[in-house]
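Accompanying notes for the structure given below.
Protein chains in written order, with our numbering: chain A, 26 to 398; chain B, 221 to 682; chain C, 202 to 304.
The following block contains the structure:
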């Protein structure tokens with residue numbers, strides 16, 4: 026049996042970032058990766074480090090994303106220097122395009138609400154008219170149907186696969202124990218310690234972190250926590266490599282460092298199904314062509330779908346078990362954006378119990394309030 | 221053109237054509253979709269355009285396809301050439317690209333008859349201009365009346381290599397060497413299968429006469445060759461290898477590589493059909509019942525796409541699949557089905573009896589399966605080496621999907637067609653587990669690229 | 202890299218433009234074959250390292266034959282037959298986007 030101070034279950038972007046954070050405080054961290062058949066939201070996503078539009082009615086979450094974006098440049102640089110993995114992180118600001126006047130008005134209202142809710146009205150995102158956006162994107166002509174959009178200087182993007190690879194590399198360099206191809210089956214809390222049975226033997230630890238994405242609810246129940254998450258499918262498409270023409274990420278369209286365009290911005294709830302739907306892909310293609318007619322000639326080489334891990338209100342869940350102290354749940358749909366905070370503040374909370382400000386916003390108690398209300 | 225057919229056949233090679241002719245006999249509305257300009261598949265490629273000058277070299281087996289194509293042309297099946305399939309769903313909707321337009325066609329049943337492809341042969345230097353598959357040279361001869369510039373070296377293993385050597389000799393091309401990665405040991409292993417092969421003596425006679433021709437031509441021949449690599453600066457200049465206990469080098473302008481053919485699985489993988497591992501030739505093939513039905517309702521496979529057995533077997537299998545589909549669609553009674561199938565089942569069994577022998581005599585060379593060195597390029601599109609694949613495995617990647625996420629292997633335009641098998645073999649070898657445990661890349665639409673504009677204008681089939 | 206076996210067969214002659222030079226080819230040939238029969242051995246430079254590449258499979262699998270045909274980049278030249286007046290160029294690395302911006 027392998028014993029460690031900390032055992033993290035789930036080696037996606039969230040589990041890996043937390044595990045790397047724990048390594049700063051302890052030499053004894055084990056990270057379990059289910060591998061093969063895991064649903065791996067970390068591998069299917071769009072790679073935005075994104076602030077704008079997030080956190081309506083949830084001020085603390087909007088701030089949390091903003092804090093992450095503030096420290097992201099330094100975080101990315103450090104991780105890159107340490108591992109030699111190019112994250113292709115850029116922070117040129119980001120755009121959300123509005124197709125038609127109606128979308129423009131709606132977006133204006135969303136931003137007004139976020140600004141209202143923010144402390145001292147500090148929310149930093151502005152509505153731009155079509156002409157202004159065109160000036161920001163000098164190499165690509167906007168389609169006639171674009172009325173305008175919103176711009177935030179805090180947004181950026183990276184290669185999510187590179188981020189995951191860098192985290193795994195960093196964890197291994199830091200002499201963490203990375204165990205791939207191992208699925209946790211049961212968790213027992215005995216004499217203040219945790220015993221985890223897996224597909225390949227037993228593990229024990231003083232503290233455990235559950236960051237197993239869609240598998241988190243099942244594991245959390247074993248340590249006396251009720252956590253509910255559900256899958257929301259998002260579809261993406263990637264095109265052939267193209268010489269650089271789009272230097273700014275747009276919600277739904279970005280050009281990667283390799284030159285491919287990635288297109289995606291769909292939502293559907295169909296359970297644990299990762300098949301793509303041609304009707305939705307067509308709608309996505311239509312929106313791209315409407316936004317930038319020149320992109321119509323780009324060849325799509327692949328489409329895929331991935332499953333977002335959403336809590337009931339879409340916000341992260343950070344919670345320690347009350348009945349089995351030392352067991353923690355860390356789950357969020359914003360695993361990329363929040364990586365620097367997961368690696369620092371969340372890891373520190375797990376090690377020392379120091380809670381970030383207004384931390385109850387992210388605890389499971391908030392759902393009890395909703396239920397009784 | 222209709223929007224709904226009883227049967228949509230994908231591929232116009234021997235299996236697809238035979239199926240179309242039979243399906244029309246039983247009264248099914250039938251559509252054949254094919255990527256080429258004219259019917260025949262790769263084996264009977266361009267048969268309607270074959271030059272009379274080439275008749276002797278093309279040979280009798282090739283012209284067998286002529287009658288089949290004629291019967292197909294008269295059968296009254298709808299035929300859409302130059303159609304690229306980019307999606308196929310379990311709802312039996314085929315998405316294709318024709319005349320630069322994306323469209324969808326519905327079917328009551330689908331027959332996949334997309335044939336096989338040459339196994340990629342990743343050796344150092346195989347991406348240099350001047351290096352091609354042996355089958356590629358054969359395609360150029362049939363479709364374009366062209367041959368590669370000599371001197372030519374053929375390297376690898378497989379009956380097709382022999383056939384191509386003979387075509388080159390017949391066309392007066394200088395063949396500077398036949399470098400085989402198989403050897404006498406494989407002959408010995410195949411001995412137990414020899415009696416089975418005797419059921420179809422004409423194949424053995426053809427094989428022997430080809431061997432005789434190569435020997436008569438005085439071509440330097442090597443067996444059990446290892447450590448193959450192509451040398452050259454901007455294009456191929458020589459094939460280097462070890463054989464007869466020493467390093468060899470044969471200068472050449474063209475190097476033709478061949479290590480057998482493997483089923484084309486893009487469609488059956490996309491559909492999530494059940495597959496099985498075929499050890500003698502180390503490839504995956506879909507699990508089929510004796511009629512070609514897959515594990516997915518409404519989807520059948522005939523011909524080499526279901527396991528490589530050659531053109532005659534494919535033709536019988538196509539015919540059998542059409543009989544089965546007709547009976548499923550109530551165009552045929554159980555009695556009629558049995559009597560129509562009986563002679564074909566016999567014919568197919570007889571045709572297949574050569575395979576255990578051939579598959580054992582010509583196993584894919586070890587070097588082509590798992591490149592021993594780290595410098596060999598494995599993913600041609602993303603330019604990734606065997607060493608980079610091994611690094612990803614060392615970092616914890618267990619499957620081709622995880623290697624892909626770490627390295628980009630399989631993300632390029634070919635979508636893993638060229639590197640998928642090799643990546644899986646490297647993982648299996650590095651982890652020392654059976655290949656079947658490693659799995660395979662997930663295939664996703666579009667199978668062939670379509671533009672955002674074409675997709676945006678797609679009319680969705682209701 | 203390739204040779205025609207019967208230059209004087211009764212197939213129609215077709216003129217295409219390859220890299221700015223008019224070349225005479227035969228009807229029914231694929232673009233990939235026609236180009237390789239014209240004193241060249243490569244059809245594209247790779248998107249990452251820029252090395253010369255040539256068709257490997259001749260049947261639409263390997264995507265090594267990508268060329269710019271009649272102004273359309275990244276087309277599979279082994280799957281397309283030559284046509285009179287066709288303009289063919291090598292695909293040099295990643296494609297570009299032609300977009301006139303009028304702000």
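Every residue, glycine too, gets a C-beta built ideally from N, C-alpha and C.
In this structure, residue 338/B lies away from residue 539/B, with their beta-carbon atoms at least 9 Å apart. Residue pairing by DSSP places residue 353/A opposite 234/A and 345/A in a beta bridge.
Taking each of 279/C, 298/C, 203/C and 211/C in turn and checking the Cα distance to residue 272/B, the smallest one comes out for 211/C. Among the residues of chain B, none has a CB under 7 Å from the CB of residue 270/C; the nearest is roughly 12 Å distant. In the same chain as residue 283/A, and ignoring 5 residues on each side of it, the C-beta atoms closer than 7 Å to its own belong to 266, in chain order.
When C-beta distances to chain B are compared with 7 Å, the residues of the segment 199-230 of chain A below that value are 203, 205 and 206, in chain order. In the assembly as shown, residue 244/C is a buried residue. Its beta-carbon has 16 or more other beta-carbons within 10 Å.
Here residue 329/B carries a strand assignment [DSSP, helix/strand/coil]. Scanning its chain for C-beta atoms nearer than 7 Å, with the 5 sequence neighbours on each side dropped, one finds around residue 81/A the residues 135, 138 and 139, in chain order. The segment 528-545 of chain B makes no contact with the segment 586-594 of chain B: fewer than 3 CB pairs, one atom from each, lie closer than 8 Å. Boundaries of the beta strand (DSSP E) harbouring residue 219/A: 218-223, taken from the DSSP string.
Under the DSSP definition of a beta bridge, residue 504/B partners with 497/B.
Per DSSP, residue 477/B is one residue of the beta strand (DSSP E) stretching across 474-479. Within the segment 141-211 of chain A, the complete alpha helix (DSSP H) segments at least 4 residues long are 155-161 and 185-198, listed from N- to C-terminus. Its chain contains 506, 514, 515 and 516 as the residues whose beta carbon lies nearer than 6 Å to that of residue 493/B, once the 5 sequence neighbours on both sides are disregarded; these appear in chain order. The CB of residue 137/A never comes closer than 8 Å to any CB in chain C; the least such distance is about 28 Å. Chain B has no Cβ within less than 9 Å of the Cβ of residue 216/C. Close CB contacts of residue 268/C within its chain, under the 7 Å cut and outside five residues either way in sequence, are with 232, 244, 245, 276, 278, 289, 290, 291 and 292 (chain order).
If you draw a straight line from the Cα of residue 326/A to the Cα of residue 288/A, it is about 12 Å long. Under the Cβ distance rule, residue 165/A counts among the residues neighbouring chain C, one pair being separated by less than 9 Å.
Per DSSP, reduced to three states, the secondary structure at residue 681/B is coil, with no helix or strand assignment. At a C-beta separation below 7 Å, residue 230/B has no neighbours in chain C, since its nearest C-beta there lies roughly 14 Å away. Only residues of its own chain outside the window of five on either side were considered, and among them 306 and 307 have a CB closer than 7 Å to the CB of residue 666/B, listed in chain order.
Straight-line spacing of the CA atoms in residue 326/B and residue 275/A works out to 36 Å.
Within the segment 300-334 of chain A, the residues whose Cβ lies closer than 7 Å to any Cβ of chain B are, in chain order, 301, 303, 304, 306, 307, 310, 311, 313, 314, 320, 321, 322, 323, 324, 325, 326, 327, 328 and 329.
In the same chain as residue 358/A, and ignoring 5 residues on each side of it, the C-beta atoms closer than 6 Å to its own belong to 333, 334 and 335, in chain order. Among the CB atoms of chain B, none fall inside 9 Å of the CB of residue 289/C.
In summary, residue 250/B is buried, with 16 or more beta-carbon neighbours lying within 10 Å of its beta-carbon over all protein chains present. By a beta-carbon distance limit of 8 Å, residue 663/B contacts residue 486/B. Their separation comes to about 6 Å.
When rounded, the separation of the alpha-carbon atoms in residue 316/B and residue 261/C is 15 Å. One thing to note: residue 291/B has its Cβ within 9 Å of the Cβ of residue 241/B. Nearest in C-alpha terms to residue 402/B, of all of 668/B, 582/B, 595/B and 618/B, is 582/B. Under DSSP, residue 231/C takes part in a beta bridge, and its partners are 282/C. Listed by position along chain A, the residues whose Cβ is nearer than 8 Å to that of residue 278/C form an empty set, because the closest Cβ is around 15 Å away. Look at residue 407/B: its C-beta is not under 9 Å from any C-beta on chain C. Contact check between the segment 339-346 of chain B and the segment 592-603 of chain B: three or more CB pairs, one atom from each, fall below 8 Å, which counts as touching.
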